[in-house]
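This report refers to the structure that appears directly beneath it.
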Amino acid sequence: MRRLWIILTYVIFTLLLIVPLVKIFTGAWEEGIDGFWDALSRPQSIHALMMTGIIVVLVTIINTLFGVMLALYLVRAQWLGPRLKRLLNSIVDLPFAVSPVIGGLMIVLILGPSTVIGALFADMGVNIVYALPGMILATLFVTFPIMVREVMPVLQEIGAQQEEAASTLGAYSWYTFWKVTWPSIRWGVIYGVVLTVARSMGEFGAVLVVSGNIMNKTQTATTLVYQDVENFNVVAANGIALVLAAVSVGLLLLMEWSKKRREVH
Amino acid sequence: MHIEVRGLNKSFGDFNAVKDVSFDIEKGKLIGLLGPSGGGKTSILRMLAGLETPTSGDIVFHGQRVNDLPPQERGIGFVFQNYALFKHMTVYDNVAFGLKVKKLSKEKIRERVMYLIELTGLKGFEHRYPHQLSGGQRQRVAFARALAPEPQLLLLDEPFAAIDAKIRTELRTWLKEMIERVGITSIFVTHDQEEAIEVADEIMIISKGRLEQKGSPWDIYKNPETPFVASFIGESTIVEDISILKGFESLSDQPGTKALIRPEYIEHGKPGEIKLASAATTATVRQLHFRGSEWMVELAIGDTKLITYRSLEREVLQVGGQVQVLVHRAYMFNDDDSWIMENPLKVDPMPIHI
Ligand SMILES: Nc1ncnc2c1ncn2[C@@H]1O[C@H](COP(=O)(O)OP(=O)(O)OP(=O)(O)O)[C@@H](O)[C@H]1O
Ligand SMILES: [Mg+2]
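Pasting the structure below:
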């Protein structure tokens with residue numbers, strides 16, 4: 004009976020994960036290396052991959068900084084009342100609860116060109132919606148809880164005592180953070196970074212709503228795949244999907260490794 | 018460092034953890050903060066260290082009010098209950114931490130760290146990480162780390178709590194010696210009275226957020242100021258109606274007055290063994306418990322139970338047998354007063370005049 008379940012698990016696993024991956028792989032190579040190469044070297048492909056790259060890098064940097072900071076405040080700050088802390092704590096989870104599409108829509112509703120704030124920014128020459136800033140915002144919104152949720156439990160677990168010990172030894176917060184806190188949360192942060200990269204690279208719904216999916220302007224890798232599929236350009240779609248999948252596999256390995264390190268320390 | 022604390026209060030929400038605590042500590046003294054769990058000992062220590070802000074009251078070091086100084090500026094060393102060693106640093110780096118913060122030169126740091134490592138008997142362990150040390154060794158590292166920046170005041174929160182009973186006695190003698198050698202004012206928290214009595218120059222008894230009494234161990238034992246202190250320090254039985262005992266009959270007209278009697282104030286013996294027979298009451302032996310080096314004897318006079326000890330040298334008592342009991346002194350208390358009463362019959366009926 005148990006063996007049956009195990010076999011069944013493997014079958015489902017294969018069907019759901021391996022088969023599509025193989026399909027993507029063979030699909031990308033259907034017209035040989037040239038077809039794959041042509042699909043990737045289209046100007047819109049290069050542009051879309053570049054957009055995705057920019058978004059991933061910026062979102063990961065911003066998210067890591069603010070995520071670690073917010074986690075520190077939520078766990079350690081005494082000047083934040085317990086009630087405010089609880090409120091902030093539940094707000095952090097909001098993006099996980101809300102569909103990314105709705106998240107994107109919220110940004111359009113608040114910062115779109117026809118809104119007061121949007122118009123204000125447009126006057127200053129900065130377009131937010133249907134432009135890169137909006138896409139970054141949307142991706143930030145979607146990935147924000149990841150870092151906070153990775154770092155908070157680690158901080159809670161190590162407790163404040165080592166930091167208090169450091170303060171009685173004369174160390175101020177910056178020194179204490181780098182010498183005492185950081186080595187403990189390091190692997191949690193790295194794991195969070197990997198998750199954030201994976202998530203922001205794959206984000207589709209929120210970005211689609213905010214970007215308007217304008218080719219060579221606001222198109223990311225995922226929205227390009229979507230468009231290629233719509234246009235029955237299966238080889239091109241598979242080509243880009245393969246690039247994304249390859250990065251994902253790399254990230255997965257990195258994730259496993261950092262998870263192991265995190266458990267050791 | 019001379020320490021003065023005036024009217025210290027601390028509340029967490031609407032719970033008062035520390036209530037109006039005032040005391041003075043002379044330079045170089047080793048003080049034991051003793052009291053039941055949840056009494057507020059850690060809270061007091063943390064306020065002294067600056068890790069917690071007092072709700073009201075003043076903390077004065079060397080005549081300077083330090084309430085607004087952060088922990089970094091107070092010049093104190095703190096040994097945490099579970100040591101709080103930097104777990105990703107070696108023993109050497111742990112001890113060196115406070116010196117690196119001060120940006121001392123490498124050679125100076127090395128010299129001081131090696132001195133402390135030798136002093137605390139950790140030589141050969143410099144390159145180990147905390148998880149590779151025993152509890153006692155960790156405690157020494159925590160001690161060395163706290164001492165490294167040459168603090169003026171050392172605070173230790175239950176330094177022996179996580180160490181098994183045998184090594185504990187050894188370690189506390191060691192700690193007392195160490196502190197005497199360094200000559201630093203120190204306060205340590207404990208809820209083990211034996212530990213406090215053995216190690217401390219002076220004891221402060223803390224209960225329910227209040228400072229019940231401060232004094233030398235002997236002083237507190239001899240002259241407890243509150244019923245709590247009397248019952249907390251040493252062993253004792255509480256007697257509801259002491260007027261059944263010879264010598265204390267006069268108290269029958271003071272209902273509500275209870276007596277606290279320590280085993281060592283109770284003399285007992287077979288009829289004829291007690292010289293002052295006129296001051297002795299007859300009691301029944303209810304139970305005998307062997308306590309390794311002596312017998313614990315449970316006596317009954319009517320409904321009243323008394324506990325005392327009997328040396329193994331003396332003749333063994335029988336359960337149910339009769340003995341004579343002489344109570345030398347008792348600690349009396351009622352709702353508004355407490356006093357120590359000597360047995361008035363103890364005055365030798367035939368004093369010998371020379
Ligand atoms: N941060 C806090 N928030 C709320 N209550 C607290 C806090 N810290 C301590 N208390 C309360 O204050 C009281 C005193 O605590 P404290 O830790 O000072 O006791 P203690 O005498 O050190 O006890 P123990 O011997 O068990 O360590 C306790 O009732 C505790 O519940
Ligand atoms: Mg405590």
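Just so you know, the protein sequences line up as chains A and B, in that order.
If you're matching positions, the first sequence starts at 4 in the working numbering and goes up one per residue.
If you're matching positions, the second sequence starts at 18 in the working numbering and goes up one per residue.
We put the CB at the ideal spot given by N, CA and C, even for glycine.
For this session: Taking C-beta pairs closer than 7 Å, name the residues in chain B that A:V13 reaches, listed in chain order.
Result: Counting from one through the first sequence, the residue named residue 13 of chain A turns up at place 10. Strictly speaking, residue 13 of chain A in this sequence is Tyr, with Val absent from that position. Within chain B, no residue comes near A:Y13; the closest Cβ sits about 39 Å away, beyond 7 Å.
Exercise. Of all the options B:S267, B:I278, B:L316 and B:R308, which has the alpha carbon lying nearest to the alpha carbon of B:G286?
Worked result: Here residue 286 of chain B corresponds to residue number 269 of the second sequence, with the count starting at 1. In terms of Cα proximity to B:G286, the closest of B:S267, B:I278, B:L316 and B:R308 is B:L316.
For this session: May I have the straight-line CA-CA distance separating B:I237 from B:W312, to the nearest angstrom?
Result: On the second sequence, position 220 is the one that residue 237 of chain B refers to. On the second sequence, position 295 is the one that residue 312 of chain B refers to. Take the alpha-carbon of B:I237 and the one of B:W312: they are about 26 Å apart.
Exercise. Listing by chain order, which chain E residues have their CB less than 7 Å from the CB of A:T184?
Worked result: Looking at the structure shown, chain E is missing, and the protein chains on hand are A and B.
For this session: Could you pull out every unbroken alpha helix (DSSP H) segment of at least 4 residues lying fully inside the segment 140-177 of chain A, listed in chain order?
Result: Restricting attention to alpha helix (DSSP H) runs no shorter than 4 residues, the segment 140-177 of chain A encloses them at 164-171, ordered along the chain.
Exercise. In chain order, what residues of the same chain lie with their CB nearer than 7 Å to the CB of B:P368, ignoring the 5 residues before and after it?
Worked result: Within the second sequence, the letter at position 351 stands for residue 368 of chain B. Note that B:P368 scores a pLDDT of 49, beneath 50, so its modelled location is shaky; the value from the coordinates is reported in the next line. Excluding positions up to five away in sequence, the list is empty.
Problem set entry | Contact with chain A by B:H345, beta-carbon distance below 8 Å | Looking up residue 345 of chain B in the second sequence gives position 328. At a cut-off of 8 Å between C-beta atoms, B:H345 does not count as an interface residue with respect to chain A.
Exercise. Does DSSP put A:M127 in a helix, in a strand, or in coil?
Worked result: As a first step, residue 127 of chain A must be located in the first sequence, where it is residue number 124. Three-state result, A:M127: coil.
Exercise. Would you call the CB atoms of A:G121 and A:V132 closer than 8 Å?
Worked result: Position 118 of the first sequence, counting from 1, holds the residue named residue 121 of chain A. Position 129 of the first sequence, counting from 1, holds the residue named residue 132 of chain A. Contact: yes.
For this session: Tell me whether B:K58 counts as near ligand 1, meaning its Cβ is closer than 7 Å to at least one heavy atom of that ligand.
Result: Counting from one through the second sequence, the residue named residue 58 of chain B turns up at place 41. Yes - ligand 1 has a heavy atom lying nearer than 7 Å to the Cβ of B:K58.
Exercise. If you run the structure through DSSP and keep just helix, strand and coil, what is A:I105?
Worked result: Position 102 of the first sequence holds residue 105 of chain A. Correct three-state label for A:I105: helix.
Problem set entry | Validate contact between the segment 107-119 of chain B and the segment 157-167 of chain B using beta carbons, cut 8 Å, 3 pairs | With a cut-off of 8 Å, the segment 157-167 of chain B and the segment 107-119 of chain B count as touching, because enough Cβ pairs lie within range.
Exercise. Quick one: what's B:W356 bridged to in DSSP?
Worked result: Residue numbering aside, residue 356 of chain B sits at position 339 when the second sequence is read from its first letter. The partner list for B:W356 (beta bridge, DSSP) reads B:M349.
For this session: Measure the beta-carbon distance from A:L61 to A:I139 and round it to whole angstroms, keeping in mind my assumption that it falls under 8 Å.
Result: One-based indexing of the first sequence puts residue 61 of chain A at position 58. One-based indexing of the first sequence puts residue 139 of chain A at position 136. Indeed they touch by this definition, with Cβ atoms about 6 Å apart.
Exercise. For B:P71, which residues in chain A fall below 9 Å Cβ to Cβ?
Worked result: Against the second sequence, residue 71 of chain B aligns to sequence position 54. The contacting residues do not exist; B:P71 stays about 14 Å from chain A at best.
For this session: Report the rounded CA-to-CA distance for B:L116 versus B:F40, giving the unit in angstroms.
Result: Here the question's residue 116 of chain B lines up with position 99 in the second sequence. Here the question's residue 40 of chain B lines up with position 23 in the second sequence. Distance between the alpha carbons of B:L116 and B:F40: 32 Å.
For this session: Would you please verify whether the beta carbon of B:V118 is less than 8 Å from any beta carbon of chain A?
Result: The count along the second sequence starts at 1 and reaches residue 118 of chain B at position 101. Yes, B:V118 counts as interfacial toward chain A.
Problem set entry | Complete runs of the beta strand (DSSP E) confined to the segment 250-291 of chain B [at least 3 residues] | When DSSP assignments are scanned along the segment 250-291 of chain B, the uninterrupted stretches of beta strand (DSSP E) that are 3 or more residues long and fall wholly within it turn out to be 254-256, 275-278 and 283-286.
Exercise. Is B:A66 close to chain A, meaning its C-beta is less than 8 Å from at least one C-beta of that chain?
Worked result: The sequence position of residue 66 of chain B within the second sequence is 49, counting from 1. Yes - at least one Cβ of chain A is within 8 Å of the one on B:A66.
For this session: List the residues of chain B whose Cβ lies closer than 9 Å to the Cβ of A:E167, in chain order.
Result: Along the first sequence, one-based indexing puts residue 167 of chain A at 164. Residues of chain B with a Cβ closer than 9 Å to the Cβ of A:E167 are, in chain order, R63, A66, L68, P88, F95, F97 and A101.
For this session: Reducing DSSP to helix, strand and coil, say where B:L37 ends up.
Result: Taking the first residue of the second sequence as position 1, residue 37 of chain B is located at position 20. With the sequence shown as reference, residue 37 of chain B is identified as Asp, and Leu is not the correct amino acid for it. DSSP places B:D37 in strand when its eight states are reduced to three.
For this session: Report yes or no: do the segment 205-216 of chain B and the segment 129-137 of chain B share at least 3 C-beta pairs separated by less than 8 Å?
Result: Contact between the segment 205-216 of chain B and the segment 129-137 of chain B is absent, because fewer than three Cβ pairs lie under 8 Å.
Exercise. What are the start and end residues of the alpha helix (DSSP H) that includes A:T12?
Worked result: Sequence index remark: in the first sequence, residue 12 of chain A carries index 9 (1-based). Looking at the DSSP string, the run of the alpha helix (DSSP H) that includes A:T12 is R5 to F16.
For this session: Check whether the segment 150-168 of chain A touches the segment 185-201 of chain A, counting contact only when three or more Cβ pairs, one atom from each stretch, lie closer than 8 Å.
Result: Judged by Cβ distances under 8 Å, the segment 150-168 of chain A makes contact with the segment 185-201 of chain A, as three or more pairs qualify.
Exercise. Can you tell me whether DSSP reads B:E69 as helix, strand or coil?
Worked result: In the second sequence, counting from the first residue as 1, residue 69 of chain B sits at position 52. The answer is coil: DSSP assigns B:E69 none of H, G, I, E or B.
Exercise. Does A:Y175 have its Cβ less than 8 Å from a Cβ in chain B?
Worked result: As a position in the first sequence, residue 175 of chain A is number 172, starting the count at 1. By this cut-off, A:Y175 is an interface position.
Exercise. Enumerated in chain order, which unbroken segments of the alpha helix (DSSP H) with a length of 4 residues or greater are wholly contained in the segment 208-241 of chain B?
Worked result: Annotation: the segment 208-241 of chain B contains the following complete segments of the alpha helix (DSSP H) (minimum length 4 residues), in chain order: 210-216 and 234-239.
For this session: Name the residue from A:V71, A:A141, A:L158 and A:V101 whose alpha carbon lies nearest to the alpha carbon of A:S187.
Result: In the first sequence, residue 187 of chain A corresponds to position 184, counting from 1. Shortest Cα-Cα distance from A:S187 to any of A:V71, A:A141, A:L158 and A:V101 involves A:L158.
Exercise. Name the chain A residues that come within less than 8 Å of B:H144, Cβ to Cβ?
Worked result: Your numbering for residue 144 of chain B matches position 127 in the second sequence. Ordered by position in chain A, no residue passes the 8 Å Cβ test against B:H144, which lies about 17 Å from the chain.
For this session: Assuming B:L262 contacts B:T299 (C-beta within less than 8 Å), just tell me the rounded distance between them.
Result: In the second sequence, residue 262 of chain B corresponds to position 245, counting from 1. In the second sequence, residue 299 of chain B corresponds to position 282, counting from 1. Incorrect: roughly 11 Å between the Cβ atoms, too far for contact.
Problem set entry | DSSP beta-bridge partners of B:A317 | Numbered from 1 along the second sequence, position 300 holds the residue referred to as residue 317 of chain B. B:A317 is bridged to B:T301 and B:K322.
Exercise. What residues of chain B sit near A:L158, judged by a beta carbon separation below 8 Å?
Worked result: Taking the first residue of the first sequence as 1, we reach residue 158 of chain A at position 155. Neighbours of A:L158 on chain B: none; closest Cβ ~14 Å, over 8 Å.
Exercise. Is B:N26 helix, strand or coil by DSSP?
Worked result: Locating residue 26 of chain B in the second sequence gives position 9, counting from the first residue. When secondary structure is reduced to three states using DSSP, B:N26 falls in the strand class.
Exercise. What does B:P166 touch in chain A if you count any residue whose Cβ is under 8 Å from its own?
Worked result: Looking up residue 166 of chain B in the second sequence gives position 149. Per Cβ cutoff of 8 Å: L172 and G173.
Exercise. CB of B:A213 to nearest heavy atom of ligand 1: below 7 Å?
Worked result: For the purposes of this step, residue 213 of chain B is taken as the residue at position 196 of the second sequence. Relative to the non-hydrogen atoms of ligand 1, the Cβ of B:A213 never comes closer than 7 Å to any of them.
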